[in-house]
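**Q** Below you will find the structure I want to go over with you.
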Amino acid sequence: MSFQLYNSASRKKEVFRPIKNGEVGIYVCGVTVYDLCHIGHARSAIVFDVLVRYLRARGFKVTYVRNFTDIDDKIIERANKTGEDTATLAKRYINAFYEDMLSLGVLDADIEPKATEHIDDMIDMVRSLIEKGFAYVVDDTVYFSVEKFDSYGQLSGRQIEDMAAGARVAVDEKKKYPMDFVLWKGAKPGEPKWKSPWGDGRPGWHIECSAMSCKYLGPNFDIHGGGRDLLFPHHENERAQAMAANGVNFANYWVHNGFLTVEGEKMSKSLGNFITIRDALTSYHPQELRLFLLSKHYRSPLDFSRSAMLETRSGLVRIYRTLQRVEEIIGPYKNDTNNTFLYHVGDNDFKNRFIHVMDDDLNTAAGLGLVFDKVRDINRLIDSPAQKTDITSQLVKERKDLLDCSKALGLLEGEPSHFFKKIIKTSPEVAAEEIEKMIKERQKARKAKDWASADAIREELSRKGVILEDGPKGTGWRLRI
RNA sequence: GGCGGCAUAGCCAAGUGGCUAAGGCAGCGGUCUGCAAAACCGUUUUACACCGGUUCGAAUCCGGUUGCCGCCUCCA
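All residue numbers for the first sequence refer to this note's numbering, where the first residue is 182 and numbers rise by one.
What follows is the structure, encoded as structure tokens:
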């Protein structure tokens, strides 16, 4: 099977055919940098991170562009509150964004353009739209005329008449038609501004993505992504502008991720359930967050909750325990995988099954099902009565299969010991030497079959968060999770 | 009002016409263990919202009903 993607434009799954064979250009709407990113941003970032990782692993040469909106009304508003200028505020939150993405293991995009660095490109596009009759100037503001663009509404599947009828917002009286939107906005006194043929001002929100995507990927490119909410009006408007200006189709595939709710409710500041990425990471490991966010199909709504995160933790702990068992037998994993590890997989049954589900519109939930299957297989193998020497080479292969596929999901890249170290909340109240001493004492008692004393020692350690595990090679210990 | 989505076991979640409907979590029973832990095996009364239709055959397609949600305004 070849790679299939759900295209919001056609409302169907389609076989993915890139414009240039083997190459993919993808543009994803990034964040408006006026505040810290929340876990909804994390979902979007991780979904497209996995899309890019997967396409690369499948052998595509991917050019990934993700922008920063570093000038808009919200930024101006916030800067007025904090007393900073907009550029300083934006810079601060761009840095915070990078920190968050780094901790989540989200790879940088190849090109990360900022709106304020592409004002000239936007002005060019607006000028061209005016020349072609798709836009009109009223005072110092430029509007896009949706009635002039025939296929307006096609992307989001709406009729302009329906929308106009149901409009809930007071219409700007300068507009010729209620659905028209701003391409260039005149600056009020004290607002940040750039020079333009229509007076000092700033670009409208939608024009930046049209201008920057076309600049870096060409007027017609492969994939355009973003959150479900951006479909209308943002993407509809982006498409209209770009196609009107360039006269060719814009993005061929539109990919939108579903929304994240928190304990069943939409995240909003008024409800007070707005969870930033850094909030979440104080309670959960980044890998837990990633596993959770990938456990449901990317287009479906997903509910973030304490109980769901704890379930995720249990599953992830099992996976890492298994990796730790493997490591004890065959040593640490050395990643020597090439970049296109899901391209030529031959008769590797596991990878083929993984590709089969992931090729179907990036079915990460099904992919994770396979990961858990593999974990069970590996545990079975270790528990099997076969000699250790017999299973070594098999374990090497099984672990590589597991970690290769996980790599496409951005999971399990760290060492198990690091994971456990980070996830353990209950710090031991006793020093490691003390624990070792008590284990030796308990061993003596066990030899003498003094079970009462042995159990008492185990109980005492358990109260301090130390779990003992008796095995054939002696007694090991770990902290309770 | 307009447009769209979703409904699968105790919970989470794949599956879109046909073998025993993935996987995870939780519970229970068992193997192992002195007892545990971990792991493995088994199991959790009729799990596909309801009604009707198409079909030899539907969780899957079509129509309707109910419920939940999103977008239509800044929003990942």
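Glycine included, C-beta positions come from ideal geometry on N, C-alpha and C.
#1: Give the range of the beta strand (DSSP E) segment to which Thr463 is assigned.
#2: Return the chain-ordered list of same chain residues with a C-beta closer than 8 Å to the C-beta of Gly203, the five sequence neighbours on each side being excluded.
#3: Given that a residue counts as buried once 16 or more other Cβ atoms are within 10 Å of its Cβ, and exposed if not, what is Val429?
#4: Quick one: residues in its chain with C-beta nearer than 7 Å to the C-beta of Asp558, no 5 flanking neighbours on either side, listed in chain order?
#5: Take Leu590 and list the residues in its own chain whose beta-carbon comes closer than 7 Å to its own, dropping the five residues that flank it on each side.
#6: Check for me: the beta strand (DSSP E) holding Arg659 runs from which residue to which?
#7: Is the beta carbon of Val556 less than 7 Å from the beta carbon of Thr503?
#8: DSSP three-state call for Ala432: helix, strand or coil?
#9: Please state the DSSP three-state secondary structure of Gly221.
#10: Considering only DSSP beta bridges, list what Lys437 is partnered with.
#11: Check whether the segment 629-642 touches the segment 494-510, taking contact to mean three or more Cβ pairs, one atom from each stretch, closer than 8 Å.
#12: Note down, in chain order, each residue of its chain lying with its Cβ closer than 7 Å to the Cβ of Asn427, except the 5 sequence neighbours on either side.
#13: Within this structure, are the beta carbons of Ala461 and Ile220 separated by less than 7 Å?
#14: Below 8 Å on the Cβ atoms is my guess for Asp302 versus Ala392; work out the distance and round it to an integer in Å.
#15: Compare the C-alpha of Lys603 against each of Pro359, Tyr501, Trp379, Val327 and name the closest.
#16: Between which two residues does the alpha helix (DSSP H) carrying Val538 extend?
#17: Pull up the DSSP beta-bridge partners for Val246, would you.
#18: For Arg534, I'd like the list of residues in its chain whose CB is within less than 8 Å of its CB, leaving aside the five on either flank, ordered along the chain.
#19: Assuming Val214 and Phe278 are in contact, meaning their beta carbons sit under 8 Å apart, how far apart are those beta carbons, in whole angstroms?
#20: What alpha helix (DSSP H) runs, 4 residues minimum, are completely inside the segment 256-323?
**A** Reading from the atomic positions:
#1: Taking the first residue of the first sequence as 1, we reach residue 463 at position 282. Not the beta strand (DSSP E): Thr463 falls in the alpha helix (DSSP H), residues 458-464.
#2: Mapped onto the first sequence, residue 203 falls at position 22. Hits under 8 Å: Gly240, Phe241, Lys242.
#3: Here residue 429 is taken as the residue at index 248 of the first sequence, counted from 1. When all chains shown are included, Val429 counts as exposed.
#4: By one-based count along the first sequence, residue 558 stands at place 377. Excluding positions up to five away in sequence, the list reads Glu579.
#5: Residue numbering aside, residue 590 sits at position 409 when the first sequence is read from its first letter. Excluding residues within five positions, the ones whose Cβ falls inside 7 Å are Val231, Leu475, Thr545, Gly548.
#6: Within the first sequence, the letter at position 478 stands for residue 659. Residues 655-660.
#7: What you label residue 556 is simply residue 375 of the first sequence in a count that begins at 1. What you label residue 503 is simply residue 322 of the first sequence in a count that begins at 1. Yes, they are a contact pair.
#8: For the purposes of this step, residue 432 is identified with residue 251 of the first sequence, where counting begins at 1. Ala432: strand per DSSP, three-state reduction.
#9: Sequence index remark: in the first sequence, residue 221 carries index 40 (1-based). Three-state result, Gly221: helix.
#10: For the purposes of this step, residue 437 is taken as the residue at position 256 of the first sequence. Going by the sequence as given, residue 437 is His instead of Lys. Looking at the DSSP assignment, His437 forms a beta bridge with Gly407.
#11: no
#12: Within the first sequence, residue 427 is the residue found at index 246, counting from 1. Within the same chain, Asn427 has close Cβ partners Cys395, Pro400.
#13: Residue 461 sits at position 280 when you count from the first residue of the first sequence. Residue 220 sits at position 39 when you count from the first residue of the first sequence. Contact: yes.
#14: Counting from 1 along the first sequence, the entry for residue 302 is found at position 121. Counting from 1 along the first sequence, the entry for residue 392 is found at position 211. 4 Å between Cβ atoms; contact.
#15: Locating residue 603 in the first sequence gives position 422, where the first residue counts as 1. The candidate whose alpha carbon is nearest that of Lys603 is Tyr501.
#16: Taking the first sequence and counting its residues from 1, the one referred to as residue 538 is at position 357. That run of the alpha helix (DSSP H) goes 530-539.
#17: Residue mapping note: residue 246 aligns to position 65 of the first sequence, counting from 1. Val246 is bridged to Tyr208, Ile292.
#18: In the first sequence, residue 534 corresponds to position 353, counting from 1. Counting only Cβ-Cβ distances below 8 Å, and skipping sequence neighbours, we find Leu551.
#19: Translated into positions along the first sequence, residue 214 becomes position 33. Translated into positions along the first sequence, residue 278 becomes position 97. The beta carbons of Val214 and Phe278 sit about 7 Å from each other, so the pair counts as a contact at 8 Å.
#20: 267-285, 300-312
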